[in-house]
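Take 3 as the starting number for the sequence shown in our numbering and just add one per residue.
All residues carry an ideal CB built from backbone N, CA and C; glycine is no exception.
See below for the structure under consideration.
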Amino acid sequence: MTRIQIDFYSESLYENTQAYVILPNSHADFLANGVRRNEEGKLKVLWLLHGMGDDYTSWIRNTSLERYALARGIAVVCPSVPAQSFYTDMVNGPKCFRYIAEELPAFMRETFPQFSDKKEDNYIMGQSMGGYGSLKIGLSYPERYQAIGVLSSGNLIEMELPPQTEEENFLTPIYGVGKNAFGTDTMKDALGTKHDILYLLEEALKEGKKIPDIRMTCGTEDFIKNVSDSTADFLKKKAEEHGFTFSYETGPGEHNWDFWNHWLPVLLDEMGLTSLL
Numbered sequence: 003m004t005r006i007q008i009d010f011y012s013e014s015l016y017e018n019t020q021a022y023v024i025l026p027n028s029h030a031d032f033l034a035n036g037v038r039r040n041e042e043g044k045l046k047v048l049w050l051l052h053g054m055g056d057d058y059t060s061w062i063r064n065t066s067l068e069r070y071a072l073a074r075g076i077a078v079v080c081p082s083v084p085a086q087s088f089y090t091d092m093v094n095g096p097k098c099f100r101y102i103a104e105e106l107p108a109f110m111r112e113t114f115p116q117f118s119d120k121k122e123d124n125y126i127m128g129q130s131m132g133g134y135g136s137l138k139i140g141l142s143y144p145e146r147y148q149a150i151g152v153l154s155s156g157n158l159i160e161m162e163l164p165p166q167t168e169e170e171n172f173l174t175p176i177y178g179v180g181k182n183a184f185g186t187d188t189m190k191d192a193l194g195t196k197h198d199i200l201y202l203l204e205e206a207l208k209e210g211k212k213i214p215d216i217r218m219t220c221g222t223e224d225f226i227k228n229v230s231d232s233t234a235d236f237l238k239k240k241a242e243e244h245g246f247t248f249s250y251e252t253g254p255g256e257h258n259w260d261f262w263n264h265w266l267p268v269l270l271d272e273m274g275l276t277s278l279l
């Protein structure tokens, strides 16, 4: 397994940024059994998005991502976006949606020509804010992704936020998402727009697009479980009506890396990226 940190300038973010790229080994050993290639010899790629307050290092530092990728023979790209972005072209900030959906894949495929650009070879996944971002990007461009993986997330703009206090905590940045990312007073004011996961799915279905497989999970003690459950109920109903693949599983756990490290390989398997060992 090769892990590469890339530093480059992003025209969408208007700044230098970083990403980790994981490349599988072509040889077999006790941890790997080669590389997953398509008929053209290209690699399958997982685009793995982080949550609010994290960055491109978070999946590497907090999970066994490299080991999971090695066993599956896939490439992984872990990018960074600002905490308040919600993977959106921000009204007061950089164009994070454009960066993840357009610029980053083009840059990575130019830098690593072995990356496949075919729908069936590309997967997008994230946790928390990154799960919301995965749904937003995957449902905006369903023709580009085979599957969407969502950990501890959902249509997060539906969240009921407690009154903001002077005491700061890890949720503090979320109170500025409406104004800074969406241009609305609150996140809920963005319901029914391109920032609304349910709206995006409805639009994709109206246009007759083939929806990627969607796999979701959430911890039973997670503070966003109500939103996750609500989103899952909607997606399940639409999947039954329109015939795309959807699953939702819950299990013991909170909104933390212990839960995400446990469920990461489970969702990879369900998305079709099973171990080659």
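{"query": "Cβ neighbour criterion (16 or more within 10 Å) applied to Gly255", "result": "buried"}
{"query": "Lys97 in three-state terms, based on DSSP", "result": "strand"}
{"query": "For Gly128 and Arg111, the rounded distance between their alpha carbons", "result": "20 Å"}
{"query": "Best match in Gly156, Lys120, Lys121 and Asn124 for proximity to Gly135 [C-alpha to C-alpha]", "result": "Gly156"}
{"query": "For Ser154, three-class secondary structure by DSSP", "result": "coil"}
{"query": "Three-state secondary structure assigned by DSSP to Thr19", "result": "strand"}
{"query": "Coarse secondary structure for Ser28, derived from DSSP in three states", "result": "coil"}
{"query": "Cα-Cα separation, Met273 to Lys181", "result": "35 Å"}
{"query": "Gln148 vs Leu45 beta-carbon contact at 7 Å", "result": "no"}
{"query": "Residue range of the beta strand (DSSP E) that includes Ile6", "result": "Thr4 to Ser12"}
{"query": "Proximity winner among Lys227, Gly43 and Cys80, relative to Thr300 (alpha-carbon distances)", "result": "Nothing can be reported for residue 300: it is not among the residues displayed for the chain, which extend from 3 to 279."}
{"query": "Distance between beta carbons of Pro26 and Met3, contact taken as under 8 Å", "result": "6 Å"}
{"query": "Cβ pair count under 8 Å reaching 3, the region 59-75 against the region 7-25", "result": "yes"}
{"query": "Contact with chain B by Leu275, beta-carbon distance below 7 Å", "result": "In the structure shown, chain B does not exist; there is a single protein chain."}
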